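First up is the structure itself, then whatever we jot down about it.
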Amino acid sequence: MLNLEMITQKVREISIETGRFLREERLNFKRERVEEKRSHDYVSYVDKESERRIVASLSAILPEAGFIAEEGSGYHGDEEYCWLVDPLDGTTNYIHNNAPYCVSIALRNKKELLVGVVYEVCRDECFWAWKGSKAYLNGDEIYVSDVSTMDSAFIALGFPYNYKVYKPMAVHLIEELYGNVGGLRLQGAAAAELCYIAAGRFEARIESNLGPWDIAAGSLILMQAGGRVTDFEGGDGFYSGNQVLASNGILHNELLNVLKKR
Numbered sequence: 160m161l162n163l164e165m166i167t168q169k170v171r172e173i174s175i176e177t178g179r180f181l182r183e184e185r186l187n188f189k190r191e192r193v194e195e196k197r198s199h200d201y202v203s204y205v206d207k208e209s210e211r212r213i214v215a216s217l218s219a220i221l222p223e224a225g226f227i228a229e230e231g232s233g234y235h236g237d238e239e240y241c242w243l244v245d246p247l248d249g250t251t252n253y254i255h256n257n258a259p260y261c262v263s264i265a266l267r268n269k270k271e272l273l274v275g276v277v278y279e280v281c282r283d284e285c286f287w288a289w290k291g292s293k294a295y296l297n298g299d300e301i302y303v304s305d306v307s308t309m310d311s312a313f314i315a316l317g318f319p320y321n322y323k324v325y326k327p328m329a330v331h332l333i334e335e336l337y338g339n340v341g342g343l344r345l346q347g348a349a350a351a352e353l354c355y356i357a358a359g360r361f362e363a364r365i366e367s368n369l370g371p372w373d374i375a376a377g378s379l380i381l382m383q384a385g386g387r388v389t390d391f392e393g394g395d396g397f398y399s400g401n402q403v404l405a406s407n408g409i410l411h412n413e414l415l416n417v418l419k420k421r
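Okay, here's the thing in structure tokens:
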């Protein structure tokens with residue numbers, strides 16, 4: 160049986176070390192070395208080098224595990240365990256020297272998430288949880304908010320790169336929520352924002368067309384903090400990242416009703 164607490168500690172160390180690399184590289188970042196994977200979706204040499212380092216370090220912890228990593232490092236077949244790695248969530252923010260951006264690492268088996276660590280570089284904040292644990296921020300327990308009315312809810316939205324598919328939903332959400340909730344924000348780093356819900360800073364976040372590496376670690380942290388994560392139908396399809404509604408749990412059903420109106 161895996162010692163999840165010990166693995167989490169090692170993953171925290173890897174995440175913080177990677178964050179240090181990101182911070183140092185940002186000081187002399189070269190915009191001309193940025194590549195466009197598809198329209199408005201960017202990758203830099205920093206993403207690729209961060210992922211290479213993370214994969215090498217995680218392989219030493221659990222050699223038998225596979226990888227699902229945003230930039231394609233590692234391998235994934237029929238392994239019992241699998242790492243989900245986003246070496247730099249919020250690449251566009253990073254390129255423009257704008258917060259937040261973070262390192263996101265999760266471990267799962269074939270059934271469920273086991274470990275989640277998100278290190279938000281700009282605020283030097285490390286969030287973590289493992290299956291059965293509390294959720295933590297820099298060693299302190301965190302909990303979702305108790306906000307129970309939409310009028311007071313602070314909600315984060317995400318606008319994915321696949322705008323042609325998602326634009327009708329984005330317009331619908333703005334029409335339904337703008338002026339009817341406490342506030343709306345676009346911050347551009349799903350992993351960090353899921354953790355912000357876990358820490359009571361937001362009440363919810365809505366986005367689709369993400370990758371599993373974007374939301375795996377943050378989802379586990381949020382659920383261990385008392386929150387809820389589903390797809391837009393209220394099911395567990397969120398694991399793919401294709402549809403993700405994350406909330407403090409209290410407002411979840413009301414937000415599902417908003418999504419279903421479209």
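The sequence shown finishes on residue 421 if you use the working numbering, and the numbering steps up by one all the way, no holes.
Just so it is clear, CB atoms sit at the ideal spot from N, CA and C, and this is done for glycine as well.
Quick caveat, the model's predicted, so the values are computed rather than measured.
Looking at the strands, I want to know which residues DSSP matches up with residue 354. Looking at the DSSP output, residue 354 shares a beta bridge with no other residue.
Is residue 361 helix, strand or coil by DSSP? Three-state DSSP puts residue 361 in coil, outside helix and strand.
Scan the stretch 199-235 and note each continuous alpha helix (DSSP H) run of 4 residues or more that stays entirely inside, going in chain order. Unbroken alpha helix (DSSP H) runs of no fewer than 4 residues, entirely contained in the stretch 199-235, are found at 204-220, following chain order.
*residue 174 and residue 274 look like a contact to me (Cβ under 8 Å); what is the Cβ gap, rounded to whole Å?*
Wrong, their Cβ atoms sit about 11 Å apart, outside the cutoff.
How should residue 252 be labelled, buried or exposed, when 16 other C-beta atoms within 10 angstroms of its C-beta is the threshold for buried?
The residue is buried, with at least 16 neighbouring Cβ atoms inside 10 Å.
Could you name the residues of the same chain whose beta carbon sits closer than 7 Å to that of residue 321, not counting the 5 residues immediately before and after it, in chain order?
So the list reads 368, once near-sequence residues are dropped.
From this set, 380, 342, 370 and 371, which residue's C-alpha is nearest residue 362's C-alpha?
A check of alpha carbon separations from residue 362 across 380, 342, 370 and 371 identifies 342 as the nearest.
Same chain, Cβ closer than 8 Å to residue 282, neighbours up to 5 away in sequence not counted: For residue 282, where only same-chain residues beyond five positions count, the Cβ hits under 8 Å are 258 and 259.
Practice problem: Look at the Cβ atom of residue 421, then the Cβ atom of residue 309, and state whether they are nearer than 8 Å. | Solution: Contact flag unset, no.
Helix, strand or coil for residue 251? Go by DSSP, reduced to three states.
DSSP places residue 251 in helix when its eight states are reduced to three.
Tell me which residues share the same chain as residue 352 and place their Cβ nearer than 6 Å to its Cβ, disregarding the 5 neighbours each side in the sequence. Excluding residues within five positions, the ones whose Cβ falls inside 6 Å are 315, 346 and 364.
Do residue 284 and residue 296 have their C-beta atoms within less than 8 Å of each other? For the pair residue 284 and residue 296, the CB atoms are nearer than the 8 Å cut-off.
Query - Nearest-angstrom Cα separation, counted from residue 249 out to residue 348 - result: Cα to Cα, residue 348 sits roughly 5 Å from residue 249.
**Q.** Test item: CB-CB of residue 409 and residue 277 under 8 Å
**A.** At the C-beta level, residue 409 and residue 277 stay beyond 8 Å of one another.
Would you mind stating whether residue 238 and residue 224 have Cβ atoms separated by less than 8 Å? Taking 8 Å as the Cβ cut-off, residue 238 and residue 224 qualify as a contacting pair.
Q.
On the criterion of 16 or more Cβ atoms from any shown chain inside 10 Å, does residue 311 qualify as buried, or is it exposed?
A. Taking all protein chains in view, the Cβ of residue 311 is surrounded by fewer than 16 other Cβ atoms within 10 Å, so the residue is classified as exposed.
To the nearest angstrom, how far is the alpha carbon of residue 402 from that of residue 184? Cα-Cα distance, rounded: 32 Å.
query: Could you give the residue range of the beta strand (DSSP E) that holds residue 348?
result: No beta strand (DSSP E) holds residue 348; DSSP gives it neither H nor E.
#### Entry: Alpha-carbon spacing of residue 338 relative to residue 313, whole angstroms
Between residue 338 and residue 313, the C-alpha separation is close to 12 Å.
Start and end residues, beta strand (DSSP E) containing residue 273 = It spans 272-279 - the beta strand (DSSP E) in which residue 273 sits, taken as one unbroken run.
Compare the Cα-Cα distances from residue 279 to each of 187, 292 and 246 and report the closest residue.
Residue 246 is the option with its Cα nearest to residue 279.
How many angstroms separate the CA atom of residue 300 from the CA atom of residue 293?
Cα-Cα distance, rounded: 7 Å.
Check: Fully enclosed by the stretch 289-334, which alpha helix (DSSP H) runs are 4 residues long or longer?
Finding: None, since the stretch 289-334 contains no complete alpha helix (DSSP H) of that length.
- Message: So, at 7 Å on beta carbons, what are the nonlocal neighbours of residue 232 in its own chain, with the 5 sequence-adjacent residues on each side left out?
- Response: Non-local beta-carbon contacts of residue 232 in its own chain, meaning distances under 7 Å to residues more than five positions away in sequence, involve 210, 211, 214 and 226 in chain order.
Can you have a look at residue 387 and say buried or exposed, based on whether 16 or more other CB atoms are within 10 angstroms of its CB? Residue 387 is buried by the Cβ-count criterion.
For this session: In the DSSP assignment, find the unbroken alpha helix (DSSP H) run with residue 340 in it and report its ends.
Result: Under the DSSP assignment, residue 340 falls outside any alpha helix (DSSP H); it carries neither an H nor an E label.
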